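**Student:** So the sequence shown is numbered by this note's numbering: it starts at 191 and just counts up by one.
By construction, the Cβ of each residue, glycine as well, lies at the ideal position given by its N, Cα and C atoms.
Here the structure is a predicted model, which is why all the values come from computation and not from measurement.
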Amino acid sequence: MLPPVMFPSAMFPSAPSPTFGLYIHWPFCLSKCPYCDFNSHVWADIPYDRMANALKAELQSYTPLMAGRKLRSLFFGGGTPSLMPPHTVESLIEAAYASFSTTDMVEITLEANPTSAETEKLRAFKAAGINRLSIGVQSLIPEELTRLGRTHNVQQARAALETANRFFARYSFDLIYARPHQSLQDWQEELSMALTLAGDHLSLYQLTIEPNTAYASLHRQGKLTLPDDEQAAAFYRLTDKLLAAQGFFPYEISNYARPKGESLHNLGYWHYHDYIGIGPGAHGRLTLPDGHIYATRSHRSPQHWLENMEQRGKATRQNTPLTAHEKAEEMLLMGLRLQKGINGEEFLARTGLALTDLLNPSALQACLEEGYLTMAHNQLAPTLEGRLRLEAILAALLG
Numbered sequence: 191m192l193p194p195v196m197f198p199s200a201m202f203p204s205a206p207s208p209t210f211g212l213y214i215h216w217p218f219c220l221s222k223c224p225y226c227d228f229n230s231h232v233w234a235d236i237p238y239d240r241m242a243n244a245l246k247a248e249l250q251s252y253t254p255l256m257a258g259r260k261l262r263s264l265f266f267g268g269g270t271p272s273l274m275p276p277h278t279v280e281s282l283i284e285a286a287y288a289s290f291s292t293t294d295m296v297e298i299t300l301e302a303n304p305t306s307a308e309t310e311k312l313r314a315f316k317a318a319g320i321n322r323l324s325i326g327v328q329s330l331i332p333e334e335l336t337r338l339g340r341t342h343n344v345q346q347a348r349a350a351l352e353t354a355n356r357f358f359a360r361y362s363f364d365l366i367y368a369r370p371h372q373s374l375q376d377w378q379e380e381l382s383m384a385l386t387l388a389g390d391h392l393s394l395y396q397l398t399i400e401p402n403t404a405y406a407s408l409h410r411q412g413k414l415t416l417p418d419d420e421q422a423a424a425f426y427r428l429t430d431k432l433l434a435a436q437g438f439f440p441y442e443i444s445n446y447a448r449p450k451g452e453s454l455h456n457l458g459y460w461h462y463h464d465y466i467g468i469g470p471g472a473h474g475r476l477t478l479p480d481g482h483i484y485a486t487r488s489h490r491s492p493q494h495w496l497e498n499m500e501q502r503g504k505a506t507r508q509n510t511p512l513t514a515h516e517k518a519e520e521m522l523l524m525g526l527r528l529q530k531g532i533n534g535e536e537f538l539a540r541t542g543l544a545l546t547d548l549l550n551p552s553a554l555q556a557c558l559e560e561g562y563l564t565m566a567h568n569q570l571a572p573t574l575e576g577r578l579r580l581e582a583i584l585a586a587l588l589g
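This is the structure:
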């Protein structure tokens, strides 16, 4: 159980959501991609059994806090969770079902790389309880896979997607675009190819330079350049147009789905619902029975996390109650990523503040007049042009 803390008087009791998500972080990869700033590590000898036991122990420590609430989604992220033996995945799913009440159908997603998504392994993951796959394809162009540092080839990516389609009713895959030297025509051809392989969901990310990555070093040296803002906007508009023509809608800035194909787990994040995060570096947002929302974070280093779990029975590095203003800012930052935006009544119930109490009124009015945001029936939502400028819009609204 999380240790008790003192609550500042400025806290506003939040109504806990009746359901919650569970994120399990598996931090190990075969190699580190040059653009990646995720908490991923390359270890020669992975202590699979010790990791599994520690993950189960951390998961079970949350059981007393979730009485009366139901697990709605479970997400294995990383790192490369498909490197886990299927029996380890199965044991973690069983531990989750034993520790929490659940909804009738829990969405259970596993992130997979094409190099660890062979037919028999995917068949075993399905038997273990996985009902949704998210595959890290990133590109369908051979030379681009090399530049992105990926260890799979196009044939392996296609094979993984075809196998996913055979075994899973729901699967998604990622692509990275707006890459160096990529033209709009290049992206149109690649995305059109991807759509022939798609299931009910696609995650499409514009390449960004993240601190402390190999790409960041190349960028500082002038050896790596990305499209400028105008070019990036053109990529985004083209993406939106091509996906819409195939029945995909942009329910979130980088995520597209056919009707009912949205990721329930990720929707939980963007709707600012509760989620438990376990594993090295995992974050969580948890409403305790007294109505206060906590930000939780585990030790980032897999070694330190594992040592803490084995020696102390816990690996939580942060367990901080959020003020009403902090909750409101977080909910705004997450909610405006959604095409549907934020409902004012839900915002008030979760944060204790009205949207109009938080936002700069002149900035809000300007965004509405410019057509970047809409406000109807107490729902604040971004338009396509607003999604293109969301970072600047958020800065203005909170300024």
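1. Which word fits Thr-151, buried or exposed, when buried means at least 16 other C-beta atoms lie within 10 angstroms of its C-beta?
2. When we look at the beta-carbon of Glu-301 and count the other beta-carbons within 10 Å, is it buried (16 or more) or exposed?
3. Within its chain, find whatever has a CB closer than 7 Å to the CB of His-455; leave out the 5 residues flanking it on each side and keep chain order.
4. To which residues of the same chain is Arg-240 closer than 8 Å at the C-beta, ignoring the five residues directly before and after it?
5. Assuming Gly-268 contacts Cys-219 (C-beta within less than 8 Å), just tell me the rounded distance between them.
6. Which whole-angstrom value is the C-beta distance of His-489 and Arg-507, which I expect to be below 8 Å?
7. Near Thr-415, which residues of its chain fall below 7 Å by C-beta distance, leaving aside the five closest residues on each side in sequence?
8. Along the chain, where does the beta strand (DSSP E) containing Asp-294 start, and where does it finish?
9. With DSSP as the reference, please indicate the residues paired to Asn-533 in a beta bridge.
10. Run through the DSSP bridge pairs and tell me what Asp-364 is partnered with.
11. Are the CB atoms of Leu-365 and Leu-394 within a distance shorter than 8 Å?
12. Helix, strand or coil for Gln-372 per DSSP?
13. Using only CA atoms, which one of Gly-326, Val-327, Gly-542 and Ala-354 lies nearest to His-625?
14. Per DSSP, what are the beta-bridge partners of Lys-260 in this structure?
15. Can you check which of these residues, His-342, Asn-550, His-567 and Tyr-213, is closest to Tyr-137 by C-alpha distance?
16. Please go through the same chain and pick out, in chain order, the residues whose beta-carbon is closer than 8 Å to the beta-carbon of Ser-272, but skip the five residues on each side of it.
17. May I ask you to list the residues that DSSP assigns as paired with Glu-352?
18. Taking buried to mean at least 16 other C-beta atoms within 10 Å of its own C-beta, is Val-232 buried or exposed?
19. May I ask you to list the residues that DSSP assigns as paired with Phe-266?
20. Specify, as a first and last residue, the run of the alpha helix (DSSP H) that Tyr-252 falls within.
21. So, helix, strand or coil for Gln-411, using DSSP?
22. Rounding to the nearest angstrom, what Cα-Cα distance links Gly-389 and Ser-552 in this structure?
**Tutor:** The answer reads as follows:
1. Past the boundaries of the shown model lies residue 151; the chain is included only from 191 to 589, so the question cannot be answered.
2. Under this definition Glu-301 is a buried residue.
3. Listed in chain order, the non-local C-beta contacts of His-455 below 7 Å within the same chain comprise Gly-211, Ser-263, Phe-265, Glu-297 and Thr-299, local neighbours out to five positions each way being set aside.
4. The residues are Leu-496 and Glu-500.
5. Their Cβ separation, rounded to whole angstroms, is 7 Å, which keeps Gly-268 and Cys-219 in contact under 8 Å.
6. Under the criterion of beta carbons closer than 8 Å, His-489 and Arg-507 qualify as touching, at roughly 5 Å.
7. Excluding positions up to five away in sequence, the list reads Pro-370.
8. That run of the beta strand (DSSP E) goes 291 to 302.
9. In the DSSP assignment, Asn-533 forms a beta bridge with Gln-569.
10. According to DSSP, which records beta bridges pairwise, Asp-364 is partnered with Ser-393.
11. Yes, the pair counts as a contact, with Cβ atoms nearer than the cut-off.
12. Under the three-state reduction of DSSP, Gln-372 is assigned to coil, being neither helix nor strand.
13. Outside the modelled stretch of the chain, which goes from 191 to 589, sits residue 625, for which no answer is possible.
14. According to DSSP, Lys-260 shares a beta bridge with Thr-209 and Ser-291.
15. In the structure as shown, the chain begins at 191 and stops at 589. Residue 137 is therefore absent and cannot be evaluated.
16. By the criterion of a C-beta distance shorter than 8 Å, Ser-272 is surrounded in its chain by Leu-300, Glu-301, Ala-302, Asn-303, Ser-306, Ala-307, Lys-311 and Phe-315, once the five residues flanking it on both sides are discounted.
17. For Glu-352, DSSP assigns no beta-bridge partner whatsoever.
18. Exposed is the call here.
19. Beta-bridge pairing by DSSP links Phe-266 to Ile-214 and Leu-300.
20. It is not in any alpha helix (DSSP H) - Tyr-252 carries neither H nor E in the DSSP assignment.
21. DSSP places Gln-411 in coil when its eight states are reduced to three.
22. Their backbone Cα atoms lie some 43 Å apart in a straight line.
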